[in-house]
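A.B. asks: Numbering (this note's numbering), first residue to last: 101 to 634.
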């Protein structure tokens, strides 16, 4: 791809994603819609979805960001439903969807149909996470969906490889397929476990934040490539490493954490935007390749039928997988209670497919005699329509569905109270430590500086409690909102003076940058002391 089309893709998708934040439409859906519309404008180049780019270059950083921002403890607590969805459901969907397509399409081999089943089986990590963040799902449901989307790609890619080998006559067997699956899963976990400790050691011993963040950007690619070299699952290796490093992120110095968070969010925002725009831009390419024997009414009916099978299959799996464990185990029933019907319904309806399915489908190879894989163009078309259908139909209806089902939202008051209690406990320990340090004559400080340390600590402790108070009746601001606004006004006034002094040649640009950085850090501190990171 030329540089100009690539730049236009990134710039355009970023602009659309930014605009989506001002609308009630989730960004992934708006990006897909705009991509579909733009694909038919004259002069727009063909944006081919290259699996050799998407899988090794786009998937690792997106998975790493999603896993690092997840909770290892929450995922461990939901290990059973996550495993049932990321492994059990993917295998179930592969066979059900494959058999359905085999029964529908004359002349389609069962192995080729199973290839398609593996392609559309996994809900996409990017789509699920992006929509779940926007609609505000209950925390347990969000954890299950995130955990599923982090691991199901590994299952689907492995099953896909086995099915392709069987379809092109490379002699794959059930025993060989199970062996390859176990190698991928166990190998991915082993690679993740082997890499995570040395990588964490590097992150804690490289003291320069710039180098640490460079390392952070390289980690997902290293983990993915190392595992894939020996046939293990790069997806699982990336997830294992990211969960560990995210769980131990508190051991890294503050400068690295601040920069890393900003860099990760920027990279994920740009990549997610480009990925969803690429989905929409694929339509002309997919239609161009659709064979004449499947054009028109037949292909459209196949697409509708496959979409229905994909949606129904998820319901058929999710409800038994949710209801049976509590029914069969008194321990699970006592710990989790009865699940009811609402949460399984949302989990089943939230199975959007995404760019991973398109990338896997694009990697369907040529057969050994040089001919195209049987019905390859039809499989690509059905993958595209399934991805678009789930993103549009399920993605658009998920927010109103949650409102209709009246899921309780997050209890902001309870969360703020828990945060305030945690801060109060930490502040007490910090005060005790400060008293111990000041009692040592080696740490002697003038009284004003010692008081300043106590004032900063007290302000941090009180800021959380103040969020529980009433708002200003005139401005509608909380106390911490007012504090943050006044702090920024003061810092802004200082910033203007520094710039004026630079312009008057009283200070040079190097000194200006030093002074502005100091103000930037103070402004960031004022914001973080008072603003909840949610």
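Positions of the beta carbon are idealized from the N, C-alpha and C atoms, including for glycine.
Predicted, not measured: the structure shown is a model, and the values here were computed from it.
#1: So, does the stretch 144-160 touch the stretch 398-417, judging by three or more C-beta pairs under 8 Å?
#2: Taking buried to mean at least 16 other C-beta atoms within 10 Å of its own C-beta, is residue 278 buried or exposed?
#3: Where does residue 605 land, buried or exposed, given buried means 16+ other C-beta within 10 angstroms?
#4: For residue 281, which option in 535, 114 and 262 has the closest C-alpha, if you only look at C-alpha atoms?
#5: How long is the line joining the alpha carbons of residue 146 and residue 499, rounded to whole angstroms?
#6: Which residue comes first and which comes last in the alpha helix (DSSP H) that contains residue 328?
#7: Indicate the three-state DSSP secondary structure (helix, strand or coil) for residue 144 in the structure shown.
#8: Could you tell me which of 249, 207 and 211 sits nearest to residue 222, measuring between CA atoms?
#9: Can you grab the Cα-Cα spacing for the pair residue 392 / residue 496, in whole Å?
#10: If we ignore side chains and look at the alpha-carbon of each, how far apart do residue 342 and residue 335 end up?
#11: Going along the chain, which residues of its own chain have a beta-carbon closer than 6 Å to the beta-carbon of residue 432, five neighbours each way excluded?
#12: State the Cα-Cα distance for the pair residue 457 and residue 359, rounded to the nearest angstrom.
#13: How many angstroms separate the CA atom of residue 562 from the CA atom of residue 286?
#14: Indicate the three-state DSSP secondary structure (helix, strand or coil) for residue 288 in the structure shown.
#15: Starting from the C-beta of residue 490, find all residues in its chain whose C-beta is less than 6 Å away, skip the five residues before and the five after it, and write them out in chain order.
#16: Identify every run of the alpha helix (DSSP H) within the stretch 136-201, keeping only runs that are complete inside it and at least 4 residues long; order them along the chain.
#17: Counting Cβ pairs closer than 8 Å, one from the stretch 323-331 and one from the stretch 369-382, do we hit at least three?
#18: Give me, in chain order, the residues of the same chain whose beta-carbon lies closer than 6 Å to that of residue 376; leave out the 5 immediate sequence neighbours on both sides.
#19: Where does residue 350 fall in DSSP's three states?
#20: Closest by CA to residue 364, which one among 142, 318 and 378?
#21: Of the residues 239, 217, 206 and 174, which one's Cα is nearest the Cα of residue 191?
#22: Where in the stretch 434-496 do unbroken runs of the alpha helix (DSSP H), each at least 4 residues long, occur, reported from the N-terminal end onward?
#23: With a threshold of 6 Å on Cβ separation, who are the neighbours of residue 573 within its own chain once the five nearest residues in sequence on each side are excluded?
#24: Counting only the same chain and skipping the five closest in sequence on each side, list residues whose C-beta sits under 6 Å from that of residue 344.
#25: Put residue 606 into one of helix, strand or coil per three-state DSSP.
#26: Between residue 619 and residue 594, how many whole angstroms is the CB-CB distance? I'm expecting something under 8 Å.
#27: Which whole runs of the alpha helix (DSSP H) in the stretch 353-418 are 4 residues long or more, in chain order?
#28: Measure the C-alpha to C-alpha separation of residue 224 and residue 455 and round it to an integer number of angstroms.
#29: For my contact list, residue 181 and residue 104 are in at a C-beta cut-off of 8 Å; report their separation, rounded to the angstrom.
#30: Which value, in whole angstroms, describes the spacing of the CA atoms of residue 443 and residue 502?
#31: Within 10 angstroms of its Cβ, does residue 449 collect 16 or more other Cβ (buried), or is it exposed?
#32: On a Cα-Cα basis, can you pick out the residue from 331, 329, 353 and 346 that is closest to residue 306?
#33: Nearest to residue 415 by alpha carbon, out of 193, 256 and 621?
#34: Reducing DSSP to helix, strand and coil, say where residue 306 ends up.
#35: Looking only at its own chain, which residues have a Cβ that is under 6 Å from the Cβ of residue 160, when we skip the five neighbours before and after it?
C.D. replies: Looking at the atomic coordinates:
#1: Touching, no, given that fewer than three Cβ pairs across the two stretches are closer than 8 Å.
#2: Position 178 of the chain shown, counting from 1, holds the residue named residue 278. With fewer than 16 Cβ atoms within 10 Å of its Cβ, residue 278 is classed as exposed.
#3: By 1-based counting over the chain shown, the position of residue 605 is 505. It is exposed - the Cβ of residue 605 has fewer than 16 other Cβ atoms within 10 Å.
#4: Stepping through the chain shown from its first residue, residue 281 is reached at position 181. Checked all of 535, 114 and 262; the closest Cα to residue 281 is 262.
#5: Indexing the chain shown from 1 puts residue 146 at position 46. Indexing the chain shown from 1 puts residue 499 at position 399. Computed Cα separation, rounded: 33 Å.
#6: Looking up residue 328 in the chain shown gives position 228. Segment 309-329, the alpha helix (DSSP H) holding residue 328.
#7: Taking the chain shown and counting its residues from 1, the one referred to as residue 144 is at position 44. Residue state, collapsed to three classes: coil.
#8: The residue you call residue 222 lines up with position 122 of the chain shown. Closest by C-alpha distance to residue 222, out of 249, 207 and 211, is 249.
#9: Numbered from 1 along the chain shown, position 292 holds the residue referred to as residue 392. Numbered from 1 along the chain shown, position 396 holds the residue referred to as residue 496. For residue 392, the predicted model reports a pLDDT of 49, less than 50, meaning its position is unreliable; a value from the coordinates is still stated below. The straight-line gap from Cα to Cα measures roughly 32 Å.
#10: Residue numbering aside, residue 342 sits at position 242 when the chain shown is read from its first letter. Residue numbering aside, residue 335 sits at position 235 when the chain shown is read from its first letter. Spanning the two alpha carbons is a distance of roughly 11 Å.
#11: Reading the chain shown from its first residue, position 332 is the one you call residue 432. Result list for residue 432: 425 and 426, in chain order.
#12: Looking up residue 457 in the chain shown gives position 357. Looking up residue 359 in the chain shown gives position 259. Taking the straight line joining both Cα atoms gives about 32 Å.
#13: Mapped onto the chain shown, residue 562 falls at position 462. Mapped onto the chain shown, residue 286 falls at position 186. Each residue's alpha carbon lies about 48 Å from the other.
#14: Within the chain shown, the letter at position 188 stands for residue 288. Residue state, collapsed to three classes: helix.
#15: Here residue 490 refers to the residue found at position 390 of the chain shown. These residues qualify, in order along the chain: 452 and 453.
#16: Entirely contained in the stretch 136-201, the alpha helix (DSSP H) runs reaching 4 residues are, in chain order, 159-168, 172-177 and 179-183.
#17: Counting Cβ pairs under 8 Å, fewer than three are found: no touch.
#18: In the chain shown, residue 376 corresponds to position 276, counting from 1. Around residue 376: 128, 131 and 132.
#19: Stepping through the chain shown from its first residue, residue 350 is reached at position 250. Helix at residue 350.
#20: Residue 364 sits at position 264 when you count from the first residue of the chain shown. For residue 364, the nearest C-alpha among the options comes from 318.
#21: Stepping through the chain shown from its first residue, residue 191 is reached at position 91. The shortest C-alpha separation from residue 191 is found at 217.
#22: Fully enclosed alpha helix (DSSP H) runs of 4 or longer: 442-449, 455-462 and 476-489.
#23: Residue mapping note: residue 573 aligns to position 473 of the chain shown, counting from 1. Nothing meets the Cβ criterion.
#24: What you label residue 344 is simply residue 244 of the chain shown in a count that begins at 1. Same-chain partners within the cutoff: 296.
#25: As a working mapping, residue 606 is identified with position 506 in the chain shown. Coil at residue 606, not helix or strand.
#26: Sequence index remark: in the chain shown, residue 619 carries index 519 (1-based). Sequence index remark: in the chain shown, residue 594 carries index 494 (1-based). Between residue 594 and residue 619 the Cβ distance is about 6 Å, and since that is below 8 Å, they are a contact.
#27: As far as the stretch 353-418 is concerned, its whole alpha helix (DSSP H) runs of at least 4 residues are 354-381 and 383-389.
#28: Counted from its first residue, the chain shown places residue 224 at position 124. Counted from its first residue, the chain shown places residue 455 at position 355. Rounded to the nearest whole angstrom, the C-alpha separation of residue 224 and residue 455 is 7 Å.
#29: Taking the chain shown and counting its residues from 1, the one referred to as residue 181 is at position 81. Taking the chain shown and counting its residues from 1, the one referred to as residue 104 is at position 4. With a Cβ gap of about 46 Å, residue 181 and residue 104 do not count as contacting.
#30: Against the chain shown, residue 443 aligns to sequence position 343. Against the chain shown, residue 502 aligns to sequence position 402. Put simply, the backbone Cα of residue 443 is about 10 Å away from that of residue 502.
#31: The count along the chain shown starts at 1 and reaches residue 449 at position 349. It counts as buried.
#32: Taking the chain shown and counting its residues from 1, one reaches residue 306 at position 206. That would be 353, whose Cα lies nearest to the Cα of residue 306.
#33: For this step, residue 415 is matched to residue 315 along the chain shown. Residue 193 is the option with its Cα nearest to residue 415.
#34: Here residue 306 refers to the residue found at position 206 of the chain shown. DSSP places residue 306 in coil when its eight states are reduced to three.
#35: Taking the chain shown and counting its residues from 1, one reaches residue 160 at position 60. Here the set comprises 320, 321, 324 and 338.
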